[in-house]
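Per the working numbering, the sequence shown starts with residue 9, numbered consecutively. What follows is a set of notes on a single structure, which appears directly below.
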Amino acid sequence: MNMNLLIKNILAVTAAVMLNSHAIAEENNSQRNLQLAEQYIDAFYSFNPNLLNPLLTQAGESQKKMLFYQGWAKDGNYIIKQRHPCKLGEGNEVLCSIRVQDDLVLALGIDFDVTDTFHIYFTNNYISQIKTSTDDPELYHDAYKWVIENRGEQVNPVCKGSKDVKPSPSRCVKLMLLGYQEYARVQGLKPRQPKNQN
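Encoded structure:
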């Protein structure tokens, strides 16, 4: 065999092996990220911060935000109605969508359970950032604005913290719920009764 042809064949085989190895490594990384994302959802909805916190040690500001959100969800009586499998997004993102029932939505009489989506970003198979999105209707946001405008003096110190008050997700969501209930009365909205079945 011509030496140049032999070298070309060897290089081609080597490149193919390296490419395949890279693809396998990427697939393994993706699967680890998916598994960790599912573990995150398990921990979040356990409402136990001791289970959630270890998953967020590399998550920067998201650590504090997600621990607060977990406390909010716990005392807002978030109940999972449908848990979708986490799926790969763009780049290092994994998306986990959960349909939940909660007290604030019920208070406004919204006739469907909203879906919250966690956008979980990974660096070297560690959670490095988490963002959230939701399909809350405009009514929910209108109620939130009304509470902040009309009950901000009571709500803001508890929810955002101040020099003398540490933020409390439990007290925050309970005060917000009272505000939502008041908004519903002002607007003539009828609360929706919770559904026990999924």
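Even for Gly, the Cβ is constructed at its ideal location relative to N, Cα and C. Here the structure is a predicted model, which is why all the values come from computation and not from measurement.
**Study point:** the stretch 39 to 51 contacting the stretch 145 to 161, beta-carbon criterion three pairs below 8 Å
**Key:** Too few Cβ pairs lie closer than 8 Å, so no.
Exercise for review: Inspect the beta-carbon positions of PRO199 and LEU114 and report whether they are closer than 7 Å.
Suggested key: For the purposes of this step, residue 199 is identified with residue 191 of the sequence shown, where counting begins at 1. For the purposes of this step, residue 114 is identified with residue 106 of the sequence shown, where counting begins at 1. Between PRO199 and LEU114, the C-beta gap is smaller than 7 Å, which places the two residues in contact.
Point to revise | Whole-Å CB distance - GLY187 paired with VAL155, under 8 Å assumed | key: On the sequence shown, residue 187 is found 179 positions in, with the first residue counted as 1. On the sequence shown, residue 155 is found 147 positions in, with the first residue counted as 1. About 3 Å separates the beta carbons of GLY187 and VAL155, which is inside the 8 Å limit, making them a contact pair.
Check your understanding: Under three-state DSSP, which class holds LEU147?
Key -> For the purposes of this step, residue 147 is identified with residue 139 of the sequence shown, where counting begins at 1. In this structure, LEU147 counts as helix in the three-state DSSP scheme.
Practice item. Within 10 angstroms of the Cβ of PHE120, are there 16 or more other Cβ atoms? Answer buried if so, exposed if not. Key: One-based indexing of the sequence shown puts residue 120 at position 112. Exposed.
Check your understanding: Between which two residues does the alpha helix (DSSP H) containing GLN189 stretch?
Key -> Start at 1 with the first residue of the sequence shown, and residue 189 comes out as number 181. 177 to 195 is the extent of the alpha helix (DSSP H) around GLN189.
Check your understanding: Is any beta-carbon of chain C found at less than 7 Å from that of PHE52?
Key -> In the structure shown, chain C cannot be found, because there is only a single protein chain.
Point to revise | Residue span of the beta strand (DSSP E) that contains TYR53, given as start and end | key: For the purposes of this step, residue 53 is identified with residue 45 of the sequence shown, where counting begins at 1. For TYR53, no beta strand (DSSP E) run applies, since DSSP gives it neither H nor E.
**Study point:** Beta-carbon gap between LEU59 and TYR48 smaller than 7 Å
**Key:** What you label residue 59 is simply residue 51 of the sequence shown in a count that begins at 1. What you label residue 48 is simply residue 40 of the sequence shown in a count that begins at 1. Going by C-beta atoms, LEU59 is not nearer than 7 Å to TYR48.
Check your understanding: Taking all protein chains shown into account, do 16 or more other C-beta atoms lie within 10 angstroms of the C-beta of SER70, making it buried, or fewer, making it exposed?
Key -> Here residue 70 is taken as the residue at index 62 of the sequence shown, counted from 1. Residue environment analysis places SER70 among the buried positions, since at least 16 neighbouring C-beta atoms fall within 10 angstroms of its C-beta.
Check your understanding: Under the DSSP definition of a beta bridge, which residues are partnered with SER105?
Key -> Walking along the sequence shown from the start, residue 105 turns up at place 97. THR125, per the DSSP bridge assignment.
Review point. Nearest to GLU101 by alpha carbon, out of VAL122, HIS127, PRO93 and VAL108?
Key: Along the sequence shown, read from residue 1 onward, the residue named residue 101 stands at position 93. The candidate whose alpha carbon is nearest that of GLU101 is HIS127.
Practice item. Measure the Cβ-Cβ separation of SER4 and LEU96 and say whether it is below 7 Å. Key: Only positions 9 to 206 of the chain appear in the structure, and residue 4 is not among them; the question remains open.
Review point. Between GLY160 and the ligand GDP, is the CB less than 6 Å from at least one heavy atom?
Key: No copy of the ligand GDP occurs in the structure displayed, which carries no ligand at all.
Exercise for review: Indicate whether LYS139 and GLN109 have their beta-carbon atoms separated by less than 7 Å.
Suggested key: As a working note, residue 139 is residue 131 in the sequence shown. As a working note, residue 109 is residue 101 in the sequence shown. Result no, Cβ atoms of LYS139 and GLN109 do not sit closer than 7 Å.
Practice item. Tell whether a beta-carbon distance below 7 Å holds between LEU183 and VAL163. Key: Residue mapping note: residue 183 aligns to position 175 of the sequence shown, counting from 1. Residue mapping note: residue 163 aligns to position 155 of the sequence shown, counting from 1. Contact flag set, yes.
Review point. Under three-state DSSP, which class holds PRO136?
Key: Your numbering for residue 136 matches position 128 in the sequence shown. Here the sequence assigns Ser to residue 136, which means Pro is not the residue at that position. Residue state, collapsed to three classes: strand.
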